[in-house]
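Here numbering that gives the first Met the number 0 is used: position 461 in the sequence shown is 460, and no number is missing along the way.
A virtual CB, placed ideally from N, CA and C, is assigned to each residue, including glycine.
Below is one structure, written out as structure tokens, with a few remarks after it.
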Amino acid sequence: MTTKSNKSIFNKKLLARAAKDSVIKLSPAVLIKNPVIFIVGIGAVLTTIIVFLGIFQGGYSSFNLQIAIWLWFTVLFANFSEAIAEGRGKAQAESLRKNRTQTVARKMVGDKETEVLAPDLRKGDIVVCEVNDVIPSDGEVIEGIASVDESAITGESAPVIRESGGDRSAVTGGTKVLSDRILIRISADAGDTFIDRMIALVEGAKRQKTPNEIALTILLSGLSIIFLLAVVTLPAFFGYSLNASGIPQSHNLSIPVLIALLVCLIPTTIGGLLSAIGISGMDRLIQRNVIATSGRAIEAAGDVDVLLLDKTGTITLGNRMATNFVPAENVTVEELADAAQLSSLSDETPEGRSIVVLAKEKFNIRGRDITHLHATFIPFTAQSRMSGVDLKTPEGKVHQIRKGSSQAIQAFVEANNGVYSQKVIDIVSDLARQGATPLVVAEDNKVLGVIHLKDIVKGGIKQRFAELRQMGIRTVMITGDNSLTAAAIAAEAGVDDFMAEAKPEDKLRRIREEQEKGHLVGMIGDGTNDAPALAQADVGIAMNSGTQAAREAGNMVDLDSNPTKLIEVVEVGKQLLMTRGALTTFSIANDVAKYFAIIPAISIALYAGSNGQGPLSALNIMRLGSPESAILSAIIFNALIIIALIPLALKGVTYKPISANRALTKNLLIYGFGGLVAPFIGIKIIDLLINL
Numbered sequence: 000m001t002t003k004s005n006k007s008i009f010n011k012k013l014l015a016r017a018a019k020d021s022v023i024k025l026s027p028a029v030l031i032k033n034p035v036i037f038i039v040g041i042g043a044v045l046t047t048i049i050v051f052l053g054i055f056q057g058g059y060s061s062f063n064l065q066i067a068i069w070l071w072f073t074v075l076f077a078n079f080s081e082a083i084a085e086g087r088g089k090a091q092a093e094s095l096r097k098n099r100t101q102t103v104a105r106k107m108v109g110d111k112e113t114e115v116l117a118p119d120l121r122k123g124d125i126v127v128c129e130v131n132d133v134i135p136s137d138g139e140v141i142e143g144i145a146s147v148d149e150s151a152i153t154g155e156s157a158p159v160i161r162e163s164g165g166d167r168s169a170v171t172g173g174t175k176v177l178s179d180r181i182l183i184r185i186s187a188d189a190g191d192t193f194i195d196r197m198i199a200l201v202e203g204a205k206r207q208k209t210p211n212e213i214a215l216t217i218l219l220s221g222l223s224i225i226f227l228l229a230v231v232t233l234p235a236f237f238g239y240s241l242n243a244s245g246i247p248q249s250h251n252l253s254i255p256v257l258i259a260l261l262v263c264l265i266p267t268t269i270g271g272l273l274s275a276i277g278i279s280g281m282d283r284l285i286q287r288n289v290i291a292t293s294g295r296a297i298e299a300a301g302d303v304d305v306l307l308l309d310k311t312g313t314i315t316l317g318n319r320m321a322t323n324f325v326p327a328e329n330v331t332v333e334e335l336a337d338a339a340q341l342s343s344l345s346d347e348t349p350e351g352r353s354i355v356v357l358a359k360e361k362f363n364i365r366g367r368d369i370t371h372l373h374a375t376f377i378p379f380t381a382q383s384r385m386s387g388v389d390l391k392t393p394e395g396k397v398h399q400i401r402k403g404s405s406q407a408i409q410a411f412v413e414a415n416n417g418v419y420s421q422k423v424i425d426i427v428s429d430l431a432r433q434g435a436t437p438l439v440v441a442e443d444n445k446v447l448g449v450i451h452l453k454d455i456v457k458g459g460i461k462q463r464f465a466e467l468r469q470m471g472i473r474t475v476m477i478t479g480d481n482s483l484t485a486a487a488i489a490a491e492a493g494v495d496d497f498m499a500e501a502k503p504e505d506k507l508r509r510i511r512e513e514q515e516k517g518h519l520v521g522m523i524g525d526g527t528n529d530a531p532a533l534a535q536a537d538v539g540i541a542m543n544s545g546t547q548a549a550r551e552a553g554n555m556v557d558l559d560s561n562p563t564k565l566i567e568v569v570e571v572g573k574q575l576l577m578t579r580g581a582l583t584t585f586s587i588a589n590d591v592a593k594y595f596a597i598i599p600a601i602s603i604a605l606y607a608g609s610n611g612q613g614p615l616s617a618l619n620i621m622r623l624g625s626p627e628s629a630i631l632s633a634i635i636f637n638a639l640i641i642i643a644l645i646p647l648a649l650k651g652v653t654y655k656p657i658s659a660n661r662a663l664t665k666n667l668l669i670y671g672f673g674g675l676v677a678p679f680i681g682i683k684i685i686d687l688l689i690n691l
């Protein structure tokens, strides 16, 4: 999914659409969702009514008209910030819609193919796809293996392998088959496919406010109410002071001035940018080819401090390959290879196929016709941790050949009154220390030897984990391998901790234990057995190359299937939180500064002497030209600052892996101090321009 063309906010088409949408968003039903800007909208309406009443009654005021205009600009600029953030998502959604095809699917009905339109497919239907066919909908490969072009989704031109019987069985509608023939079981009804969900997400149609946004909105609403009460009481205080100063009550604060004062004091800056910050956070994640199902997931990514990673396909390349046969005592390597191949004939995993190929290449042992062998294949299960085949001889005797983990085969052999030799234990330990995966083969009650499977740690992963450590995130590798193998891989990858021989329920239990200790947990996985853990984790990132179950269980999907992408996900999450915090700090500091800039300026006339200067003149440190110019300067600055901060809200505050205390100090120094100083400078410059 390519998004580079949509990154610039200065795209003319994007700006035009945002300008139009900002006017549409003036609807009260839309504005009321943002209480702060809704108050500004009410103020703009009231001021406009007062302006028109003044015109009809012969009391036209250009001052009131200017206040009304800038109040409307404030509302429009706030709407514009949200509209431009949404507009970038809509632009991405348009490019995604181009990938939705009205393909003619070849649906299997019994043994026959029937052509139907892709939208007519239903969950559970079986379709066949061959070379150059576009996959009609989301599904899982249930037979065959093929090379698939997923560039329409991931933006990557390199084809990927999709196959049955493994964790790379999921396919996405709109992608293209480049080789071979596969059968696909459809896993989504029309309108609920992966692309459909992506379109809904990037458009923001289903975006809901996160808990942090809701809490901040309540805080901003509370501050607005406090300022509203303060402003409402000002006429009474001013009236008393005017009376004491001998000034007519007609000089008291007018309704437009009170409205302008209220709008300048309530946190309109963050109120106008809050939605844009949240939407752009999701947008930045999409630019990195990660789809989040909610803003809550992005925020949680910013707070994650424990990360659980599935080893196979996440830390390692995942395709463990058989590289050698190591026989036990009194067993020839040919006997071991023959038994290993027999036990793997029905094993469609990459490991199983590599065993068959290795036996063929090294010893010219060809695959046998399983019908003549009277073979019953035993599939692998997480409970038994082994697989194999039962061969029935013409005499009716059954030979059991099994391959699996050392502990599982030891239990199998000993259950058949056999002896698990020390030499095999030594071979297993030696291979495990090398970071390899030993797969033990046995026939009946005799251990034949060990298959050497090797998995490769992904390049650059150790440096990435070091970066995570700098962010304060502890990494835990979870694997079904034995402890020695897990320890070797963990050391090579540079993780902080590991869990060996982990079953799906073990992963789930570990996540719950970490959460009970107060940690926020992130989990990356790609297999069906990862689904429960992905669902339980605060941030569950599923690989797009993984199974449909994993993708549905997680609250994020990495289209590139790159586990190191988590670094970027965490950065986006932290950047979102930092941006919101920085602009909130700036906005509140802004309000404090505007208070000290405006109130003294409009109070100069109180208790004034013959020279027009009173004791309150000393507080007018900015030396603004007049109360009217002070009000206008403040309301203009209040509107323009929203526009000025839109690029920062969309791009986000630059994130660096530093401690929370340092980040807070930096935030207060830059945005707190900047928020205090900017209004004094901006209002003074605007006041000078007005008084020219």
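Buried or exposed by the 16-neighbour rule on C-beta atoms within 10 Å, applied to residue i
i, result
"Ile-213", "exposed"
"Gln-421", "exposed"
"Tyr-654", "buried"
"Val-231", "exposed"
"Gly-692", "With the chain covering 0 to 691 only, the question about residue 692 has no answer from this structure."
"Gln-286", "buried"
"Ile-38", "buried"
"Val-676", "exposed"
"Asp-425", "exposed"
"Arg-432", "exposed"
"Arg-509", "buried"
"Gly-190", "exposed"
"Arg-622", "exposed"
Rounded C-alpha distance that separates residue i from residue j
i, j, result
"Ser-240", "Leu-605", "6 Å"
"Gln-535", "Ala-501", "16 Å"
"Arg-283", "Thr-292", "14 Å"
"Gly-109", "Val-126", "11 Å"
"Val-256", "Phe-62", "9 Å"
"Tyr-59", "Phe-226", "29 Å"
"Ser-632", "Ile-685", "5 Å"
"Glu-274", "Lys-12", "Sequence check: residue 274 is Ser here, not Glu. Taking the straight line from one Cα to the other gives about 21 Å."
"Gln-462", "Val-44", "57 Å"
"Lys-445", "Ile-408", "10 Å"
"Ala-596", "Gly-238", "21 Å"
"Ile-603", "Gly-624", "11 Å"
"Ala-296", "Ile-540", "10 Å"
"Leu-575", "Leu-668", "19 Å"
"Asn-33", "Arg-661", "32 Å"
"Val-140", "Ser-163", "5 Å"
"Lys-19", "Ala-82", "9 Å"
Identity of the residue in the options nearest residue i by Cα
i, options, result
"Ala-419", "Arg-432, Gly-681, Lys-111 and Val-440", "Contrary to the premise, residue 419 reads as Tyr rather than Ala in this sequence. Nearest C-alpha to Tyr-419: Val-440."
"Ala-339", "Ile-620, Asn-660 and Leu-357", "Leu-357"
"Val-325", "Arg-287, Ala-300, Leu-316 and Gly-448", "Gly-448"
"Gly-681", "Ile-640, Asn-666 and Pro-437", "Ile-640"
"Thr-192", "Gly-245, Thr-315, Pro-118 and Leu-219", "Pro-118"
"Leu-452", "Val-355, Asn-543, Asp-389 and Asn-363", "Val-355"
"Arg-579", "Ser-405, Glu-298 and Gly-172", "Glu-298"
"Gly-351", "Val-388, Ile-276, Ala-638 and Val-332", "Val-388"
"Glu-142", "Val-176, Leu-182 and Ser-186", "Leu-182"
"Ile-364", "Val-332, Ile-246 and His-373", "Val-332"
"Ser-544", "Arg-161, Phe-236 and Lys-683", "Arg-161"
"Asn-481", "Ser-428, Asp-505 and Leu-519", "Ser-428"
"Leu-688", "Ala-638, Asn-637, Gly-572 and Ala-629", "Ala-629"
Nearest-angstrom Cβ-Cβ length linking residue i and residue j, presumed shorter than 8 Å
i, j, result
"Ile-144", "Thr-174", "The Cβ separation is near 15 Å, so there is no contact."
"Ser-353", "Met-320", "4 Å"
"Ser-279", "Leu-649", "4 Å"
"Ser-26", "Leu-75", "Wrong, their Cβ atoms sit about 13 Å apart, outside the cutoff."
"Ile-36", "Ala-77", "5 Å"
"Ala-600", "Asn-619", "5 Å"
"Lys-122", "Asp-188", "5 Å"
"Leu-558", "Ile-290", "7 Å"
Range covered by the beta strand (DSSP E) that runs through residue i
i, result
"Ser-146", "144-148"
heavy atom of the ligand GDP below 7 Å from residue i C-beta
i, result
"Leu-558", "Judged by which ligands are present, the structure shown has none, so any question about the ligand GDP falls away."
Endpoints, the alpha helix (DSSP H) within which residue i is located
i, result
"Leu-307", "Element bounds for Leu-307: not the alpha helix (DSSP H) but the beta strand (DSSP E), 305-309."
"Thr-46", "34-55"
"Val-262", "254-264"
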